[in-house]
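At position 71 of the sequence shown (counting the first as 1) the number is 71 in the UniProt record's numbering, and the numbers step up by one without a gap.
Here a beta-carbon is modelled for each residue, glycine too, at the ideal position from N, C-alpha and C.
Predicted, not measured: the structure shown is a model, and the values here were computed from it.
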Amino acid sequence: MVGNFINTTTLIPLIPLVTSLLIFILLVSFNRTLNRLTKPVTALVALSLLSSAFISLFDYFKKIEEELVLSEFLKFFEEKNLVIHLNLVNEKIIIFFSLITLLIIGISFYKLPRKKGYVSLMISLGLISSLVMLSILLIDFSALI
């Protein structure tokens, strides 16, 4: 059970992070070409957020509630006391946050001019959402309620 928990929990913030970093590397490598490909970039970022929301939704319906002490699995966090909390409250918050971010991406796609800076906006939305999801997982909101 712990192996599954580690895989799904780490995927929630990692999918948008890896997608945004990949798009950033492609943007740096092919600046002019990638700035013209706003629809695929938007779709990639939206799909990465949607997949994180689906993983959280799956964990929510399975009623998975566990904690993962990072120092037990990763040497980098050996001296730190970081714990990832996966509980029903955190999962609801991640799902809600993902849907809000997807709404922002959709509004941006239809309302903003897709000229210079649009791809950078999508990269930033992906990175910020990944960091917020990681922060949500590191805080035990069920203890606060």
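Report buried or exposed for residue i, applying the criterion of at least 16 other Cβ atoms within 10 angstroms of its Cβ.
i	result
ARG114	buried
SER142	exposed
LEU82	exposed
Return the bridge partner residues of residue i from the DSSP annotation.
i	result
ILE84	LEU68
Quick one: Cα of residue i to Cα of residue j, how far?
i	j	result
LEU37	LEU144	43 Å
MET1	GLU67	The predicted model places MET1 with a pLDDT of 48, which falls under 50 and marks its position as unreliable, so this point remains unresolved.
THR9	LEU86	7 Å
PRO40	PHE97	22 Å
PHE109	ILE100	14 Å
LYS111	ILE104	10 Å
LEU22	LEU34	12 Å
LYS63	GLU91	10 Å
Residue i and residue j look like a contact to me (Cβ under 8 Å); what is the Cβ gap, rounded to whole Å?
i	j	result
PRO13	MET133	4 Å
SER20	GLY126	3 Å
ILE93	ILE136	5 Å
LEU49	LEU102	6 Å
Would the region 20-29 count as touching the region 53-68 if we require 3 or more Cβ pairs under 8 Å? no
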